[in-house]
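Everything below concerns the one structure shown next.
There are 4 protein chains.
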Amino acid sequence: MSTGFFGAIDKIPFEGKDSTNPLAFRFYDPNEMVLGKRMEDHLRFAVCYWHSFVWPGGDPFGGQTFERPWFGDTMELARKKADVAFDMFEALGVPYFTFHDADVRPEADTFTESRDRLNAIADYFQEKMDASGIKLLWGTANLFSHRRYMAGAATNPDPDVFAYAAATVKSCMDVTQRLGGENYVLWGGREGYETLLNTDMGRELDQMGRFLSMVVDYKHRIGFKGTILIEPKPQEPTKHQYDYDVGTIYGFLKRYGLENEVKTNIEQGHAILAGHSFEHELSLAAALGIFGSIDMNRNDYQSGWDTDQFPNNVPEMALAYLEVLKAGGFTTGGTNFDAKLRRQSLDPEDLLIAHIGGMDCCARGLKAAARMIEDKALAGPLSERYAGWDKPQAKSMLDGSMTLESIEKRVIDEKIDPQPRSGRQEYLENLVNRYV
Amino acid sequence: MSTGFFGAIDKIPFEGKDSTNPLAFRFYDPNEMVLGKRMEDHLRFAVCYWHSFVWPGGDPFGGQTFERPWFGDTMELARKKADVAFDMFEALGVPYFTFHDADVRPEADTFTESRDRLNAIADYFQEKMDASGIKLLWGTANLFSHRRYMAGAATNPDPDVFAYAAATVKSCMDVTQRLGGENYVLWGGREGYETLLNTDMGRELDQMGRFLSMVVDYKHRIGFKGTILIEPKPQEPTKHQYDYDVGTIYGFLKRYGLENEVKTNIEQGHAILAGHSFEHELSLAAALGIFGSIDMNRNDYQSGWDTDQFPNNVPEMALAYLEVLKAGGFTTGGTNFDAKLRRQSLDPEDLLIAHIGGMDCCARGLKAAARMIEDKALAGPLSERYAGWDKPQAKSMLDGSMTLESIEKRVIDEKIDPQPRSGRQEYLENLVNRYV
Amino acid sequence: MSTGFFGAIDKIPFEGKDSTNPLAFRFYDPNEMVLGKRMEDHLRFAVCYWHSFVWPGGDPFGGQTFERPWFGDTMELARKKADVAFDMFEALGVPYFTFHDADVRPEADTFTESRDRLNAIADYFQEKMDASGIKLLWGTANLFSHRRYMAGAATNPDPDVFAYAAATVKSCMDVTQRLGGENYVLWGGREGYETLLNTDMGRELDQMGRFLSMVVDYKHRIGFKGTILIEPKPQEPTKHQYDYDVGTIYGFLKRYGLENEVKTNIEQGHAILAGHSFEHELSLAAALGIFGSIDMNRNDYQSGWDTDQFPNNVPEMALAYLEVLKAGGFTTGGTNFDAKLRRQSLDPEDLLIAHIGGMDCCARGLKAAARMIEDKALAGPLSERYAGWDKPQAKSMLDGSMTLESIEKRVIDEKIDPQPRSGRQEYLENLVNRYV
Amino acid sequence: MSTGFFGAIDKIPFEGKDSTNPLAFRFYDPNEMVLGKRMEDHLRFAVCYWHSFVWPGGDPFGGQTFERPWFGDTMELARKKADVAFDMFEALGVPYFTFHDADVRPEADTFTESRDRLNAIADYFQEKMDASGIKLLWGTANLFSHRRYMAGAATNPDPDVFAYAAATVKSCMDVTQRLGGENYVLWGGREGYETLLNTDMGRELDQMGRFLSMVVDYKHRIGFKGTILIEPKPQEPTKHQYDYDVGTIYGFLKRYGLENEVKTNIEQGHAILAGHSFEHELSLAAALGIFGSIDMNRNDYQSGWDTDQFPNNVPEMALAYLEVLKAGGFTTGGTNFDAKLRRQSLDPEDLLIAHIGGMDCCARGLKAAARMIEDKALAGPLSERYAGWDKPQAKSMLDGSMTLESIEKRVIDEKIDPQPRSGRQEYLENLVNRYV
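Chains as they are written, first to last, in our numbering: chain A, 1003 to 1438; chain B, 1003 to 1438; chain C, 1003 to 1438; chain D, 1003 to 1438.
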C-alpha cells in the first residue's frame, strides 16, 4: 500500500519525552487529555501539499535541490505525489491535509481542462480519504504563480484575469465542498502592487471587495458550511499586499460588510514580516471576532523575507497557543504546517523529522498554555490590573453616560491625581517561564 | 519686538533658485501660482512647538545638548519661548503653528492649575496671532510624557488616568477652538502595550473607541468646525501602538462608527516605521476617505526608530505631494513640520536653516507634482492600464449583476486566456524623473 | 547594614525548579557542578550599575518613571546608591559588579574634581567589596552622555575632546586596577557619525586606532592584568558606529595591530541590531580569537532599537552558552546584566525579580548547553559533516601544496562530480529541543 | 547585423534634458567633459548578462514571466542570446559588459564539457568585441545556483565541491584574461550558512581564505593585470554570508594577508541589506584602501530582500558618485548594472528604457557630485570642522609622542573643558540640495 518513499517507516509512534528516537513523538500524544479535550482535537494538525510536496528547493539564487520521484507535469505523477503525501499524512497521524489546486494537478492549456484535472485528482483524494480517515482542513486556489496573475488576480487591471480567477475559485470551492473541507482559504499574494505609479489603489480595493463578496454569496448558495478565511501577509511577493495584517483586513471586511462572513488564517511568518508578534495577531483577531485558523511555521528574525521554517521555539509557541485557547480554541480551523524544509534537507527522512519536530513543539506549547489557563497564571494578575474598571464610576465613562464635561468636573472636584502602578512585566515573564 | 534670538534676521526672503544664501528661500515663493492657487495656500505650512522649541537634544544615551534661554519651568520662560517661536514663525513666513499643551506651559501640581496655565498662555498666543496674522493649524494634548500615562491614557488600566486624559483633552479642545484652530489632533503614543502578558487588547480598544466618541461628541456640542485627526504610528515609544497605520485606523474607526468623523494626520517617519512608503499611506487614506493632514519629516532608512529629520529628498517629496494633489489638496489640513534638528545642530541659525531647507524641498516637490498633474504624466498611462474595466462586461462583474457561476460560464464559453501586459514600471519611473 | 530598600529581603534562596516563590532561584544554584566546575564559576554573573541603579525610566517620548531615593547629584546620594546596589548584589549572590564612572559619582565642573569624586567613591566601594567579597568584573568610562561628547570622544573633530576622553579613560583604568577589576571595557556609543556629510571617516578611524593603542600601552605600563574589551554596537545613539559588529572590530584591530591585545564584550541586543544572532557573534569572536565577555539581555525582535530587556528565552540562551562553552568558557569575562527594567516596573521588587529571572534563564541555558557538550549532541554530526576534509587529498588543498591548476587537473582526471548531502537542519533543531 | 529583438532601434541618442523621447538619453552624453575627463571615462558603464538576459522573471511565489527567444539550454540559443546582448550594448553605447559563466553557456554534464562550452562562447564574444569595440569589465563564476553549491563553494563541507569550484574559477579567470577583462569578481552567495548548528565557522573561514589565496596566486602566475574583487552581501540567499559588508571583508583580507591584493565591488542593494547606506560602504572602502568597482542598482527600502531595481533617486546617486570621485574615481572598476527589470516589465523596450533611465540618473548624479567637488561645497566645511587637529599639540596625540598620562596632565594643567560646536547637518543637507 505504501509507496516506500519513506522506507520502512509506517507510523510514527509516541514514545514519551525521554525518547531519543528522531522518528518518534516525544510530546504529541493525540489521545492525551488537555483541558478536557483530546490533544488531537485541540491542535487539529494539517499538512499542506504546497511546501512539503511541491516546492523544489529553489531560492532566488539557486534552482531545484530536491529530486522527488513525483516531480513533473503528468496526471500520473500527480497521483504518485498523492500516494506519497497520504503515506506521510498517515505516518504522522495528522487528521487533516490542505492544498492549492496548482499543488495537486498539472496546469493545463485551458481553464476547462485544468478544472477537469482538479476534479479527477479530487476523486483520487476521496478514495484515499475514505481509506485513511484523513480529512480536508481547507482548499484554496493558487492565484499567484502563473504569469497571468503577475499583476494580481481580483485586483488585476485586466478584467479577464479577474474573470479567470473567479472561475478558478469557483472550481476550487466546488472541490473543497465535495471533499468535506472545513474551510476555504484566500491568500492574496499578488493582490497588491509593485509600484504605486501604475496602481489605482481605490479601484483595486473595490475589485477585491467585490470578488470576496461573490465568494461569500457563492458559499451560501451552494450550502458550504465551512469558514471563508483570508490569510494576511504584508508583502512578498509584491512590494505591498492589501491583506497586510489582521488590523488591515478587519477594516477591509468592515468596508465591504463582510466582517461576519470571513475570518483570518494567521501565519507566524507573515505576522513577523508585518512587524508584529504571532501572538499579537492572534490576540487582535480574537478581539475583533475574526480569528479562524493558523499556519504554523516560523520566520528567521534576522532575515527580511518569509523563511517559512518549521517551528522550534517552544516558549514562543506556548504564547501563541495561549491566545488560541483564550479565543476558545479552534472551531473549523486548525494548525496547518505551511513550513518548508530547508533546501539542503534533501532526504525523505528530513521531511518526516521536520514535521515530527514541529508537531512535538506544538504539543509542548499547547500543554504549557493549558497549564497557564488552568492556573489562571496570567488571567489572575490581568483581572487585578484592570480591577479599577469594575467600579460604577469607571463603567459610567464607558457606557455613554458621561461626557468630557462631566468627567472634567469629576477630575476637578475630586482632585484626581492618578499614581502609576507597576506593570510587573518581568514578574509575568518569569511566571511564564515556569510553564515552558 | 523681536527677541534677538536669531540675531539680525527678520524675514527670510525668496531669492530664487540660483541664490547661495543659506538664509533665503530658493523655491518657496508663497505667491507663486501653482495649479491656479497660491503656493502658500497649497502647502499651508505649520511649525510645531514640540521639536523646534521644546526638545532639549537628548537621546537614549545622552542628555541635553541645546541651551535655550527659554528652557525651564516658569510661566515667564513659557512666554519667552512664545516670543522666540513667533519670531521664527514670522521670519519663515509660515501661516500656521501647532502645539501640545505640554509644549507651551509648564506642568502644574494639579489638573486645574495646569489648565489655567494653558489658558493663560493661550491668551498670550492670541495677542501674538492677532499681531502677526499667524493662525493655529491644530492643537493637541500631550498624553504620553508624564509618568501618569506610562501605561496609556485612554487605554490605561486605571480609570482615573482615562478621566484625567479626558479632562485634559477637553481643555486642549477648548483652547484650540478659542484660538481658531482648524483641526484637533490625537496621537496615541502610549495607546498600546509593552507586553501582551499584562494587556487586555479587546478591552483597551473599547476604551479607546469610547474616548474618541466622546471627543467627537464634544466637538459637535461646542460647535468646533475643525477636523478631528488621528496620527498613525506603529510603535515607539511602546512596543505596539493601536493606531498602527492608516489601514488599521480605518478599521478602528469603522468598528466604532467614526469613519465619517475622524481623519488622519500622516507622518513620513511613522509610515516608514510601519513598513510603508509615505505615498502609500497618503494614497490609502485618500482611497478610504480619511486623508486629513501631514507631518513632514523623514526617517533615516537605516535606523529602526523615529529619527524625525528635516526632509530633504525632493523626488520622494514630489511623490507625496502628488498624492496630496490627487486627493484634492488640503482642506483644513496642512504641511506641519514635526521634524527635529539633529542634536549637534546647536546654533539658532541651524533652526532657521533646517526649516528653510524643508520648506524649499516641499515647494520643489509640490511644483514637480503639479507639473505631473498638468501633463497627466501618470494619469494617462494609468487610465490606459485599467481601460479594460470600462467595458460593459467588465463592469457587470463589479456591479453585482454577475456571480461566480456566470463568470465561470463566460470563461469557459469564451475560452478566456488572459495574456499579461507590461506594467512599465521603469518607463514610469523615468517619466517621474523628468519632473524632479 | 541593609538599606531596607528591598524590604525584609536579605538573600535570594535557591529553592529548586518546583518553587513558585518569585523571590527564589529555581535553577541557579551557584554550587551545582556543571562540566566539572561550579555553576557560579561558569556564569560569573555581574550586575551593572548603569541600567539597574541609574536609568530613570525615560524613553524618547517620556520622562522619569522611577522614583529612587538615591536620585540626585550629591556624593551623599552616590553613597546611598552604592549602599542599595551592594544590598542587591548580596541579595542576588552575584560575584561581580560593573560600572561606568558616570554611574557612580556625580559629574563635577572640572575634570579634576570629577576624577577625585570617582576616587572617593572607589574608596567607598573598596570597603564594601572587602566586606561582601563582591568583585569588580570591569570598569568603564561613560564617553557618550555628556554634551561634550555629542560628536564623539576619540573620534571627535575637536582634539580637546579627544584629550578629555583620554584623561577620563586613564582615571577609570586607574580605579579599575585599584579595585582589582578583571577587565576594562570601551563602548564607543558616539564613535561614529550622524551624517557622512560632515565626517572624515578615514581620519576618525585613525584617531580611534591611536586612542586604543594608548589604552593598551597604558595597561601594560601600569601592569594591569585584566583584558581590554571593546563592545560592538552598530548604531544607536548615532546613525552609524564604527564598532559595528565583531567582524568589523576584528578588521579594526588588525588594522592597528591590536588583535592580540583587545577582545570583545558581546551583547545580544547589539548583535540583533547588526542583523546577527547572538550565537553568531559569539561564534565568530571565538573563531577570530577575540571572544571576551558577554552582556546578557535581549532585544525585542519587532522593535528597531536597543530594548535591553531581561533575557527570558531559554532555547536561545542555551545556544549562546553553547558557544561560550565551545570557546572554552569565560576566562576574565563573565555574564554581565546590562538589561533594564521596563519603565512601568516601578517597584523595588521588580528589580530583584528581573535579575532572578535572568539568572535562572542563564542557569537553564548553561545546563542545557553543558548536556549538549557532554553528549556531543552537535559536535558528533558536525565532525561527520566535515569528515571529507580529513583525507590527505582534501588537506592538501588547504595547506598550500595545491594550486588552481593542480586542482583543476584532479577535477578533470577524476571526473569529480560532487553530490550534495542533506544538511539535516531540522534534525539538529529537534535534537537541540531535547535539551531545552 | 542586428537581431531585430529591439525592433528598429539601433542606437540610443543623446537628446538633452528637454527631450521627452523615452528612448533617448537626457543627461548621459559620453563625450561631455566632467572634471577634465569624458563622462564615459568617469562612469565606465557595464551591463551584466545575469539580470538582463538570463533572469526569467520568477520570484519565490511565481515562475517565469519573460518569454525570450533565447531561453533554453543549447549553444545555439547561447549564441542567439549573445547576439541580442551585443545589440543592446551597442544601442546603449556602454563600453563594457560583464558575465557569469552560467549566464553565457548552458551547464553540461561534466566539468570539462562546461569549460569547453565557456571557451566556445568566449570565442564568439571575442568576435563581437572586436567588431563593436565593447570590452569586458569583469568575468565571474556562478558558484551558487547549481545544487552542488547548496552548502557553499569554497566553504563547502565536501572538499570535492571546493575542488570543483576552484577548477571553475580557474576556467573563468582564463576566459576573463583572454578577453582582456579588467577585473575578476567573486561573489560568495553561498559562502555562509543556513544554521550555525551544522556549521564550523572557523574552519569555513579558513577554507575561504585559502581559496582566495589560490586565486591571487593564480592571477600573478598567469600575469593577469586586472583587479580581484570581492562583492559584499550580508545575506540572501543564505541566512548569513561571510562577506557581510566592507568592514567584515577588510578584516577577512587582513586575516589572510590579502588586503593589498583584493578590492571590493560594492552594490547599493547589498549595502542596504547590511544596514548601511551605499555611500557609507563606498566611503569606508576608500578609507580602508579596498575600493574597486560598483554594482549600480537600488533596493526598495520597505522590502527586506534584494530587490535589485534600476536606480532612480538622483540625490542618493550624487552622494554615491561623490564618494567615488573623492576616492579618485574608478581605475579598473566601473559602474555595472546589476539591476533587474520588474517581472511585469515584459517588453523588449522595457529593457532598453530601464538601462537608459539608470544611465541618465548616473550621469545626473556624477555631474552633481563633480560640481560639489569643484565648489569644495562639502570639502570646505569639512576642513574647517577638523581644523583643530592641524595644531601641533593635537597632532602629537596622534603621532605616538603622547600617552594617557601626558594627555591627562595637559587636561588638568590647562583646565581643558571642551565646548561643543554645531555639526551643521541641516546646513550641509541644504547645500547638497543646491546641486541635485
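Heads up, the beta-carbon is just placed ideally off N, CA and C, and yes, glycines get one too. Model, not experiment: these values are computed from the prediction.
Starting from the C-beta of residue i, find all residues in its chain whose C-beta is less than 8 Å away, skip the five residues before and the five after it, and write them out in chain order.
i: R1040 (chain B); result: P1032, N1033 and E1034
i: R1344 (chain B); result: Q1311
i: H1242 (chain A); result: G1194, Y1195 and P1236
Along the chain, where does the alpha helix (DSSP H) containing residue i start, and where does it finish?
i: S1134 (chain A); result: F1113 to S1134
i: A1087 (chain C); result: M1077 to L1094
i: L1430 (chain C); result: Q1427 to N1435
i: D1103 (chain B); result: D1103 to V1106
i: L1321 (chain C); result: V1316 to K1328
For a contact defined as C-beta to C-beta under 8 Å, what are the partners of residue i on chain B?
i: T1067 (chain C); result: R1149 and M1152
Mind pulling the chain B residues with CB within less than 7 Å of residue i?
i: P1236 (chain A); result: G1277
What residues of chain A sit near residue i, judged by a beta carbon separation below 7 Å?
i: A1165 (chain B); result: M1399, I1409, R1412, V1413 and I1418
i: G1191 (chain D); result: F1063
i: H1442 (chain B); result: Residue numbering for chain B in the displayed model covers 1003 to 1438; residue 1442 (chain B) lies beyond these limits and cannot be assessed.
i: I1355 (chain C); result: E1428, Y1429 and N1432
Could you name the residues of chain B that residue i contacts, counting a contact when the two beta carbons are closer than 9 Å?
i: F1113 (chain A); result: E1410, V1413, I1414, K1417, I1418 and D1419
i: K1241 (chain C); result: D1302, Q1304, S1305 and T1309
Could you compute how far the alpha carbon of residue i sits from the alpha carbon of residue j?
i: L1094 (chain A); j: L1231 (chain A); result: 25 Å
i: N1435 (chain D); j: I1292 (chain D); result: 29 Å
i: L1079 (chain A); j: V1056 (chain A); result: 12 Å
i: V1036 (chain D); j: K1369 (chain D); result: 7 Å
i: G1253 (chain C); j: I1409 (chain D); result: 27 Å
i: L1207 (chain C); j: E1283 (chain C); result: 22 Å
i: D1132 (chain D); j: V1086 (chain A); result: 56 Å
i: D1125 (chain B); j: R1119 (chain B); result: 10 Å
i: R1107 (chain C); j: T1076 (chain C); result: 8 Å
Find the residues of chain D that neighbour residue i, judging by a C-beta separation of less than 8 Å, and give them in chain order.
i: V1434 (chain C); result: L1199
i: E1431 (chain B); result: F1312, N1314 and G1359
Counting along the chain, where does the beta strand (DSSP E) carrying residue i start and finish?
i: A1048 (chain D); result: F1047 to C1050
i: E1233 (chain A); result: T1229 to E1233
i: F1016 (chain B); result: Run containing F1016 (chain B): none; DSSP gives neither H nor E here.
List, in chain order, every chain A residue whose beta-carbon is nearer than 9 Å to that of residue i.
i: Q1346 (chain C); result: P1422, R1423, S1424, G1425, R1426 and Q1427
i: F1312 (chain D); result: Simply none; closest approach about 12 Å.
Which residues in the same chain have their Cβ closer than 7 Å to the Cβ of residue i, if we skip the five residues on either side of it in sequence?
i: H1278 (chain D); result: D1247
Subject >> Start-end ranges of the alpha helix (DSSP H) lying completely within the segment 1133-1218 of chain D, minimum 4 residues >> reply: 1161-1180
**OP:** Tell me the start and end of each unbroken alpha helix (DSSP H) in the segment 1241-1287 of chain D that is at least 4 residues and wholly inside, in chain order.
**Re:** 1248-1257 and 1270-1275
Subject >> 4 or more residues per run - each alpha helix (DSSP H) lying fully within the segment 1358-1425 of chain B >> reply: Taking 4 residues as the minimum length, the alpha helix (DSSP H) runs contained wholly in the segment 1358-1425 of chain B are 1381-1387, 1394-1400 and 1406-1415, in order along the chain.
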